[in-house]
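Encoded as structure tokens, the structure appears first; notes follow it.
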Amino acid sequence: MLAESWQLALRAERKSPQTLKAYGEGVRQFLAWCTERDVEPFTRAALNLWVAQLLDGGSAASTARSRQLAVRRFSSWLADEGELAVDPFLGVKAPKLDERIIEPMTEDELRSLLKACQPPKGADPKVALRYRRDEAIVRLMIDAGLRAGEVVALELDDLDLSGGSAIVRRGKGGKGRTVPVGPEAALALDRYLRLRRGHRLADRSALWLGDRGKGFTYDALHKTLRERADAAGIVGFHPHKMRHTWAHRWLSAGGSESGAMAVGGWTRPDMLMRYTKAQASARAADEARTLNLGEL
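Here it is as structure tokens:
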């Protein structure tokens, strides 16, 4: 019951659906683990042992860190609400993250992904709608660097195709911004919207329509993009790689770091550097060749 009350408090704080899901899953797993072992949950020993078992069981450090954070946030709320006398996890350190380097997708991979989103000739309108929807999503992520959750949350009124822009009402940290929509992305969106008008749920405010009248969720976006990537023969695809790829291509094309931060919704330059570190040396070498510093 207290976990449900905490979820209500998080909704009141306008946490994103992704945050609500991650926090809820972390707390549920921890409490279930404690119940199975008849362990008092709100002790440092229990939390540390649980996290250690997550890591020993093969969970990524980022997953263990996220799960632990959920439990720590829950215990902090319990203390604030007077359900616990003190927060037992105050000062507990998060698991150290390995510094992962994620290679961006190649130009050929991007072209293959877009090709996999082309509807077969003579496709039924419902089938064609799914293909055009996925192409529009991929184009938008390539063009504007949106997070998956930001893409899912878009509504019809957020688009201004004639003006070449879209509004992200609530990005990470609750911050909104306007992002550019280039000609290719605008064309893909227009093709999708024309098919969308014939759908029985066309009056919905949400931009994306799911299959069989279902809402198009965060999980649905991940599923459909993975299916397109599999069809394109792309190995190791994850939708988040789209954002890494966008940031790398921005800088490689000569875009400024400040511009990338503004469009991508980053508030700290170190976050941008994390996304673009894999190809930093290659970009620096290309830049050095244009500087011709050896000419004397």
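Residue numbering for the sequence shown follows this note's numbering, starting at 2 and increasing by one per position. For each residue, glycine too, the CB sits at the ideal point set by N, CA and C.
| Query | Result |
| --- | --- |
| With three or more beta-carbon pairs closer than 8 Å as the criterion, would you say the segment 187 to 196 touches the segment 125 to 143? | yes |
| Please state whether the Cβ-Cβ distance between Asp250 and His239 is less than 9 Å. | Before going on, a small fix: residue 250 reads as Arg here, not Asp. Contact flag unset, no. |
| Between the alpha carbons of Cys35 and Pro42, how many angstroms are there, rounded? | 6 Å |
| So, under 8 Å CB-CB, Pro96 and Gln54 are touching, yes? Tell me the CB distance rounded to an integer number of Å. | Going by Cβ atoms, the distance from Pro96 to Gln54 rounds to 12 Å, so no, they are not a contact pair. |
| Where does the unbroken alpha helix (DSSP H) through Ile138 begin, and where does it stop? | 126 to 145 |
| I'd like the span of the beta strand (DSSP E) that includes Arg178, first residue to last. | 178 to 181 |
| Here's the rule I'm using: 16 or more other beta-carbon atoms within 10 Å means buried, otherwise exposed. How should Ala154 be labelled? | buried |
| Could you name the residues of the same chain whose beta carbon sits closer than 6 Å to that of Glu312, not counting the 5 residues immediately before and after it, in chain order? | In the structure as shown, the chain begins at 2 and stops at 297. Residue 312 is therefore absent and cannot be evaluated. |
| Out of curiosity, what's the CA-to-CA distance linking Leu48 and Thr179? | 41 Å |
| Does the contact criterion of 3 or more C-beta pairs under 8 Å hold for the segment 72 to 88 versus the segment 196 to 216? | no |
| Can you tell me whether DSSP reads Leu155 as helix, strand or coil? | coil |
| Where do the ends of the alpha helix (DSSP H) carrying Ser76 lie? | 62 to 81 |
| Checking contacts by CB at 9 Å: is Gly265 closer than that to chain C? | Among the chains of the structure shown, chain C does not appear; only one protein chain is present. |
| With distances taken Cα to Cα, identify the nearest neighbour of Val1 among Ala207, Gly260, Ser77. | This structure cannot speak to residue 1, because the chain is shown only from 2 to 297. |
| Using C-beta distances below 7 Å, list every residue in its chain close to Ala221, excluding the 5 sequence neighbours before and after it, in chain order. | Gly211 |
| Measuring only the C-alpha atoms, how far is Gly255 from Leu56? | 40 Å |
| In three-state terms, what does DSSP make of Gly265? | helix |
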